[in-house]
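Under this note's numbering, the residues of the sequence shown are numbered 42 to 206, in order.
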Amino acid sequence: MSETPTEPDLSYIASVTRVRAAAGVVLRDKAGRVLAVHPTYKDVWEIPGGMVEADESPAAACAREIREELGLSMPTGALLCVDWVPPNPPWDGGLMFVFDGGVLTPDQIATMRLRPDELDRFDFVEPERLGDVLIPRLARRVAAAVAAIGRGGVYLENGTAPSTI
């Protein structure tokens with residue numbers, strides 16, 4: 042006996058929580074310092090990355106942002122971290138993905154070209170100094186991502202590992 046497919050409940054689908062998503066990358070130099078970038082449109086430092094676009098995976102968004110922001114074509118590495126960020130109006134809650142971009146060669150660093158309408162400068166920051174450069178939640182997220190390199194990804198909520206799930 043075959044089952045007849047049912048029509049989806051559109052009112053239920055419309056009521057399901059939607060979240061924004063963004064993807065960033067931890068890129069390091071040979072000394073182990075983390076690449077931080079300064080956006081032109083706000084006065085904070087970040088890691089390369091950005092919002093996931095419609096019908097785009099977080100990994101694809103990360104690779105696209107590396108190309109657009111830094112002029113580098115490279116694959117996205119392993120997932121290091123997923124961070125749930127609670128709503129902060131006007132923003133909905135979100136899932137922030139951080140991938141391992143690996144160690145940049147001196148040639149890659151020399152050929153980086155910042156997209157002038159998005160970034161105006163970059164610097165490599167020692168992992169222990171991330172809190173001096175990045176906003177606290179992002180500093181916690183990136184520090185957790187760096188600690189996860191080679192060990193598997195971590196789950197965070199608002200930049201902190203939850204005590205219980």
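For every residue, glycine included, the Cβ atom is placed at its ideal position computed from N, Cα and C.
Query                                                                                                                                                                            : Result
Throw me the rounded Cβ distance for the Arg170 and Gly200 pair, which I believe falls under 8 angstroms.                                                                        : Contact doesn't hold; Cβ gap of about 17 angstroms is too wide.
Quick one: Cα of Gly112 to Cα of Pro157, how far?                                                                                                                                : 11 angstroms
Considering only residues of the same chain and omitting the five flanking positions on each side of Ala188, which have a CB-CB separation below 6 angstroms?                    : none
Mind checking which residues open and close the alpha helix (DSSP H) that includes Val183?                                                                                       : Pro177 to Ala189
Within the continuous beta strand (DSSP E) that includes Arg162, where are the two ends?                                                                                         : Leu160 to Val166
Does the count of Cβ pairs from the segment 57–67 and the segment 130–142 closer than 8 angstroms reach three?                                                                   : yes
Excluding the five sequence neighbours on either side, which residues of its own chain have a C-beta within less than 7 angstroms of the C-beta of Thr47, listed in chain order? : none
Here's a check: name, in chain order, each residue in its chain whose Cβ is nearer than 7 angstroms to the Cβ of Ile206, leaving out the five neighbours to either side.         : Low confidence applies here, because Ile206 scores a pLDDT of 48, under 50, leaving its location unreliable; read the following figure in that light. Nothing listed; no residue qualifies.
Under a three-way DSSP split, which group does Asp148 fall into?                                                                                                                 : helix
Using only alpha-carbon positions, find the residue among Arg192, Asp161, Gly172 and Gly193 that is nearest to Pro89.                                                            : Asp161
Rank Tyr196, Met153, Glu110 and Ala202 by C-alpha distance to the C-alpha of Pro80 and give the top, closest one.                                                                : Glu110
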